[in-house]
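Engineer:
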Amino acid sequence: MAAPSATTKMSKVDKKLKKKQMKFRDMLEKNEGIQITETPTKIICVHNGGLDNSVSREEISTALDKNGSLIDVIMLPKKPYSFVCFKTTEDATKCCEEFNGLEMPPNGKRKHSVILYLSYVNKVPSNILPCKNLPPGLIVLENFVSEAEENQLISSLHWQNDNQMKHREVLHYGYEFRYDINDVDADDPLPQSIPEECNAILQKALQTGYVKHLPDQLTVNKYVQGQGIPPHVDTPPAFEDGIMSLSLLSQIVMEFSHPGGQQISVLLPRRSLLIMTGESRYLWSHGITPRKSDIITTAEGLDLVMRETRVSFTFRKIIHPKDRIGRIVPFQTSDLSIMLPKCDTDAEKLENSHVQQVYEEIADHFSGTRHTPWPKISQFIKDMPVGSLMADIGCGNGKYLGLNQSVYEVGSDRSVNLSEICHGRSHEVYVGDVLHIPLRSSSFDFCICIAVIHHMSTQERREAAIIELLRILQSGGKLLIYVWAMEQERHKIKSKYLKESKLHNTYKDQSLCSNVNYSDKLTSEESASKENAYQGDSQVMTIRAKMIQTQDVLVPWERKDQDNNTTSFHRYYHVFKEGELEEKCGRISGCHVLEKYYDQGNWAVIVQKQ
């Protein structure tokens, strides 16, 4: 008769521990697709030891690294677990045996204790590992420089104690990159230009075709083991496309993040050249997580690669501030970014590029969607006494001219092509600027200025336009002004454009700031087909955010040709907040506000010259 086999009976504590491990194992596999392995590995998952449990990297390191064998701790945002990496499998095994079930007491960050459960893994979340699928526009050229060139570049550097940031040493050439403003002072170049040792490398980079501009600014950073940089996008208007980073002395894994949440880790091997162009330059942020090692995938599985001291050469081509005005930067979270003008000359340049030239291009197309006068504006004109003299400044295609046959009227528009359309309709119109109206002072009884002043790009120019409109009125004359409203939903009632826009696509408001505002999109053909009695400015109004969050925006106008190719034009608008228009009018001497009202996404005032 055979003797009964001996079995080891698990204690209640061990059973509870095993049950908890099984629970966390299932959670990890479900959420991350990572399977726990019973075979010891160098990498351990620490369940319950994540940022989501208010457990810090320092706590994990202190608790589990009793003999100095722990290499790194990898914390993930909003996750209840972390990963720890050891020098050898034996070290990881000792850790699991000794600390599985370790209780972490309450502290200032958490009210309750947490128990750590440890498991071996042979896989980690994909966003930790370097990915072969790079962000659009990102190029990594391996072995771009030789070891000899690397040594030459390193030898050319002269580090000084005062060239230190909070976390790393840094050198600047050409222009100092100021981290407080993420820009350079273009009017204060440095005496030291980019070192001659870089010339051959820069020419080689230009020959690749990925880089279009010869850099004139260089920042050299020295990262010791464990240092990193926070996620950021190099200031879009400040530098040209094609920013380069040369990695020397050590590899690194750089994390790229899309505003939509996608994350891609990119391995930058030693002596490789990273080139950020297009979307990867302007849209994706990049950063380096501070840690001492990187996990990479090899033919044998996961491997730990220790970080060494790394020196990076970051090359940029600056854009002088005077050249930034009116310059569109693509691929922003707001799709377009543009610098607001700081002086009258810059304002004229912006308005010429994003107002006047646009209307010249789209005049015919624009006029086709503007044929029905708005009721309140029509009534203002029809109420004018017989024999009155009226000026329509910014008359567009002339849809408000000829509504009252008993008054004398003249129109003007900045667009030559729109003025010609008015002439074709037998209206008396001239080409002119609202800031310089070539009409006699104190000569008109009435004036209307519809959807014009919001195209002025500074407060001073908007106020100057109102003053000029008042100048041509005689004492007691009345002026009606319409501007685009920031509030597109008022008293819980949406403007007519929002109600009637049955839109299927999303479009991002074209912000002059960094804010992102999602809006709906219609092509101008769709907009024209939806126009009704209230939609005088249908295209402008339907291409808007449901709640605009910034006052300076670029509004797209899309035009398709016979081959169905789409061309986009972008018009500058300053959208007015409630009370802003009448407050501006009230500050002007001799201007009395008679009436203010909201009309389907616009603010309007009727003022009288005193």
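The sequence shown maps to residues 1 to 610 in full-length UniProt numbering.
No residue lacks a Cβ here, since even glycine has one placed at the ideal position from N, Cα and C.
1. Cβ atoms of G398 and V429: under 8 Å apart, would you say?
2. Leaving out the 5 sequence neighbours to the left and right, which residues in its chain are closer than 6 Å to K502 when beta-carbon positions are compared?
3. Would you please verify whether the beta carbon of S257 is less than 8 Å from any beta carbon of chain C?
4. Tell me whether the beta-carbon of I43 lies closer than 8 Å to the beta-carbon of F99.
5. Using the C-alpha atoms, what's the distance from I467 back to K609?
6. In the DSSP assignment, what residue or residues form a beta bridge with H592?
7. E150 and L273: beta carbons closer than 8 Å?
8. In the DSSP assignment, find the beta strand (DSSP E) that holds V483 and state where it starts and stops.
9. Along the alpha helix (DSSP H) that carries I318, what are the first and last residues, could you check?
10. What would DSSP say about R281, mapped onto helix, strand or coil?
11. Closest to K222 by CA distance: which of L171, K342, C198 is it?
12. How about C131 and I264: do their beta carbons lie closer than 8 Å?
13. Look up M456 in the DSSP assignment and give the residues it is bridged to.
14. Going by CA-CA distance only, name the one from K322, S378, I362 that's closest to S568.
15. Since L129 contacts N48 with CB under 8 Å, what's their CB separation in whole angstroms?
16. Would you mind working out which of L304, E59, Y173, V184 sits nearest M75, comparing C-alpha positions?
17. Nearest CA to the CA of I229: which residue from S56, S426, G432, R310?
18. Please classify M27 as buried or exposed, where buried requires at least 16 neighbouring CB atoms within 10 angstroms.
19. Does the distance from the C-beta atom of G326 to that of H354 stay below 8 Å?
20. According to the Cβ coordinates, are Y210 and G242 closer than 8 Å?
21. List the DSSP bridge partners of V184.
22. Classify T208 as buried or exposed, calling it buried when 16 or more other Cβ atoms lie within 10 Å of its own Cβ.
23. Would you decide whether D91 is buried or exposed? Buried here means 16 or more other CB atoms lie within 10 Å of its CB.
24. Drop a sphere of 10 angstroms on the beta-carbon of V416, count the other beta-carbons inside from all chains shown, and report buried for 16 or more, exposed for fewer.
25. Across the segment 568-580 and the segment 432-443, are there enough close Cβ pairs to call them in contact, namely three or more that are closer than 8 Å?
26. Helix, strand or coil: which one does DSSP assign to G411?
27. Counting C-beta neighbours from all protein chains within 10 Å, is the total for R181 16 or more, i.e. buried, or is it exposed?
28. If you draw a straight line from the alpha carbon of A604 to that of A485, how long is it in whole angstroms?
29. Give the range of the beta strand (DSSP E) segment to which K204 is assigned.
30. When you compare only the Cα positions, how much space is there between Q225 and I295?
31. Can you look up D344 in the DSSP assignment and give me helix, strand or coil?
32. To the nearest angstrom, report how far apart R471 and E595 are at their CA atoms.
33. For F239 and H213, what's the separation of their Cα atoms in angstroms?
34. At the level of alpha carbons, what is the spacing between S56 and L350?
35. What's the C-alpha gap between K376 and L473?
36. For D392, which option in W374, C449, T372 has the closest C-alpha, if you only look at C-alpha atoms?
Structural biologist: By the coordinates alone:
1. To locate residue 429, count along the sequence shown from 1; it is residue 429. To locate residue 398, count along the sequence shown from 1; it is residue 398. Result yes, Cβ atoms of V429 and G398 sit closer than 8 Å.
2. Counting from one through the sequence shown, the residue named residue 502 turns up at place 502. The predicted position of K502 is uncertain, since its pLDDT is 36 and thus under 50; a value taken from the coordinates is nonetheless stated next. Counting only Cβ-Cβ distances below 6 Å, and skipping sequence neighbours, we find nothing.
3. Checking the listed chains, one finds no chain C in this structure; it contains a single protein chain.
4. Position 43 of the sequence shown, counted from the first residue, corresponds to residue 43. Position 99 of the sequence shown, counted from the first residue, corresponds to residue 99. No.
5. The residue given as residue 609 occupies position 609 in the sequence shown. The residue given as residue 467 occupies position 467 in the sequence shown. Cα to Cα, K609 sits roughly 10 Å from I467.
6. One-based indexing of the sequence shown puts residue 592 at position 592. Paired residue(s): Q608.
7. As a working mapping, residue 150 is identified with position 150 in the sequence shown. As a working mapping, residue 273 is identified with position 273 in the sequence shown. In this structure, L273 does not lie closer than 8 Å to E150 by Cβ.
8. Reading the sequence shown from its first residue, position 483 is the one you call residue 483. Per DSSP, V483 belongs to the beta strand (DSSP E) from 473-484.
9. The sequence position of residue 318 within the sequence shown is 318, counting from 1. Segment: none, I318 is in no alpha helix (DSSP H) and carries neither H nor E.
10. Residue mapping note: residue 281 aligns to position 281 of the sequence shown, counting from 1. Looking at R281 - three-state DSSP - the assignment turns out to be helix.
11. Here the question's residue 222 lines up with position 222 in the sequence shown. Considering only alpha carbons, the answer is L171.
12. In the sequence shown, the residue the question calls residue 131 occupies position 131. In the sequence shown, the residue the question calls residue 264 occupies position 264. Cβ atoms of C131 and I264: closer than 8 Å.
13. On the sequence shown, position 456 is the one that residue 456 refers to. BP columns for M456 are empty, so no partner.
14. Position 568 of the sequence shown, counting from 1, holds the residue named residue 568. Measuring from the Cα of S568, the nearest candidate turns out to be I362.
15. As a position in the sequence shown, residue 129 is number 129, starting the count at 1. As a position in the sequence shown, residue 48 is number 48, starting the count at 1. Going by Cβ atoms, the distance from L129 to N48 rounds to 23 Å, so no, they are not a contact pair.
16. As a first step, residue 75 is located in the sequence shown; it is residue number 75 there, counting from the start. Residue E59 is the option with its Cα nearest to M75.
17. The residue given as residue 229 occupies position 229 in the sequence shown. I229 has its Cα closest to that of R310, out of S56, S426, G432, R310.
18. Counted from its first residue, the sequence shown places residue 27 at position 27. Its Cβ having fewer than 16 others within 10 Å, M27 is exposed.
19. As a working mapping, residue 326 is identified with position 326 in the sequence shown. As a working mapping, residue 354 is identified with position 354 in the sequence shown. In contact: G326 and H354 (Cβ atoms closer than 8 Å).
20. Here residue 210 is taken as the residue at index 210 of the sequence shown, counted from 1. Here residue 242 is taken as the residue at index 242 of the sequence shown, counted from 1. Result yes, Cβ atoms of Y210 and G242 sit closer than 8 Å.
21. Here residue 184 refers to the residue found at position 184 of the sequence shown. Looking at the DSSP assignment, V184 forms a beta bridge with F177.
22. Working through the sequence shown from its first residue, we reach residue 208 at position 208. Exposed, by the Cβ-count rule.
23. The residue labelled residue 91 in the question sits at position 91 within the sequence shown. Result: buried.
24. Residue numbering aside, residue 416 sits at position 416 when the sequence shown is read from its first letter. Exposed, since its Cβ has fewer than 16 Cβ neighbours within 10 Å.
25. no
26. Position 411 of the sequence shown, counted from the start, is the residue given in the question as residue 411. Here G411 sits in strand by DSSP.
27. The sequence position of residue 181 within the sequence shown is 181, counting from 1. Sequence check: residue 181 is Ile here, not Arg. Result: exposed.
28. Within the sequence shown, numbered from 1, the residue matching residue 604 stands at position 604. Within the sequence shown, numbered from 1, the residue matching residue 485 stands at position 485. If I take the Cα positions, the gap works out to 9 Å.
29. Position 204 of the sequence shown, counting from 1, holds the residue named residue 204. Counting along the chain, K204 falls outside any beta strand (DSSP E), though it belongs to the alpha helix (DSSP H) covering 199-207.
30. Residue numbering aside, residue 225 sits at position 225 when the sequence shown is read from its first letter. Residue numbering aside, residue 295 sits at position 295 when the sequence shown is read from its first letter. Their Cα atoms are separated by approximately 15 Å.
31. Taking the sequence shown and counting its residues from 1, the one referred to as residue 344 is at position 344. Correct three-state label for D344: helix.
32. Taking the first residue of the sequence shown as position 1, residue 471 is located at position 471. Taking the first residue of the sequence shown as position 1, residue 595 is located at position 595. Whole-angstrom Cα-Cα distance: 20 Å.
33. In the sequence shown, the residue the question calls residue 239 occupies position 239. In the sequence shown, the residue the question calls residue 213 occupies position 213. One C-alpha to the other measures close to 10 Å.
34. Here residue 56 refers to the residue found at position 56 of the sequence shown. Here residue 350 refers to the residue found at position 350 of the sequence shown. C-alpha separation (whole angstroms): 49 Å.
35. Residue mapping note: residue 376 aligns to position 376 of the sequence shown, counting from 1. Residue mapping note: residue 473 aligns to position 473 of the sequence shown, counting from 1. Looking at the two C-alpha atoms, the distance is approximately 21 Å.
36. By one-based count along the sequence shown, residue 392 stands at place 392. Comparing Cα positions, the closest option is C449.
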